[in-house]
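Engineer: The structure's right below; bear with me while I get my questions together.
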Amino acid sequence: MDASCRNDPVIEVARCASDLELVRDLVMDSVYRDQGYGYRPEWHWDLDRIVEVYVDNPRNCMLLARSGGTPVGCCGIRVGVPAGPPEVLDMLPARAHVAQVVRLVVVPRWRRRGVGVRLVREALRRAAADTGFTTAYLHTNSLVPGVLQFWQKCGATVLSSFPDPVDALNEKLRTVHMTLPLRENDVRLEE
């Protein structure tokens, strides 16, 4: 293992344009490499307005993990609910009360080292500090190897097995909607 992998990554809120550009690069690399479907403006709109979404709105935040100055992961919290399906929307509280965990990415050489769990833990800690949030929600692509096991390790539970209409348009997607414990004493993340 080289020296950069021996350092524990530092996780900080990405506030400046250069940090947010690093986040955008991490996410875009992942949607091409890991997801296989690439950039979709209707899904990645937040990355096109990244400062407005993650800096200008005080309820949202984007975390950036770095080791020796090199970005190794990111994870965000954004107010809101998914666009659908309606069955999922019916199971969630009003949009203003939902902390959506978004854009979790860890670069391949840093996976299975606890970086993703640390990013999720910090994102949930920040969301829990906002008393307006009552629920933490996420959706993920279950076709990505290991993703469901990762989220279950973080304490997530499947909210629904309803088919997502978006999945019918792309064979590289199988969306699973999940919730996570929000308040610190409810979060049971494995080390």
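Just so we're aligned: 160 in UniProt numbering is position 160 of the sequence shown, and the numbers increase by one with no gaps anywhere. We put the CB at the ideal spot given by N, CA and C, even for glycine. On a predicted model such as this, the values are computed, not experimentally measured, just so you know.
(1) Give the C-beta separation of R78 and V53 to the nearest angstrom, bearing in mind that I take them to be a contact with Cβ-Cβ under 8 Å.
(2) Helix, strand or coil, according to DSSP, for H177 in the structure here?
(3) Determine the DSSP secondary structure at P93, reduced to helix, strand or coil.
(4) I'd like the ranges of any beta strand (DSSP E) spanning at least 3 consecutive residues and lying wholly in the segment 80 to 142.
(5) In the DSSP assignment, find the beta strand (DSSP E) that holds E12 and state where it starts and stops.
(6) Ordered along the chain, which non-local residues of its own chain (more than five positions away) have a Cβ less than 7 Å from that of D2?
(7) Given this structure, state the Cα-to-Cα distance separating L159 from R15, to the nearest angstrom.
(8) What does the Cβ neighbour count give for W110, buried or exposed, with the cut at 16 atoms within 10 Å?
(9) Nearest to Y63 by CA position, among A156, V27, K153, is which residue?
(10) Quick check: what's the CA-CA separation for E87 versus G155?
Structural biologist: On the basis of the coordinates in this document:
(1) 7 Å
(2) DSSP, read as helix, strand or coil, puts H177 in strand.
(3) coil
(4) 98 to 106, 135 to 141
(5) Unbroken beta strand (DSSP E) run through E12: 10 to 13.
(6) Note that D2 scores 45 on pLDDT, short of 50, meaning its location in the model is unreliable and no value can be drawn from it.
(7) 32 Å
(8) buried
(9) Rather than Tyr, the amino acid found at residue 63 in this sequence is Leu. Ranking the options by Cα distance to L63, first place goes to V27.
(10) Annotation: E87 to G155 spans about 22 Å, alpha carbon to alpha carbon.
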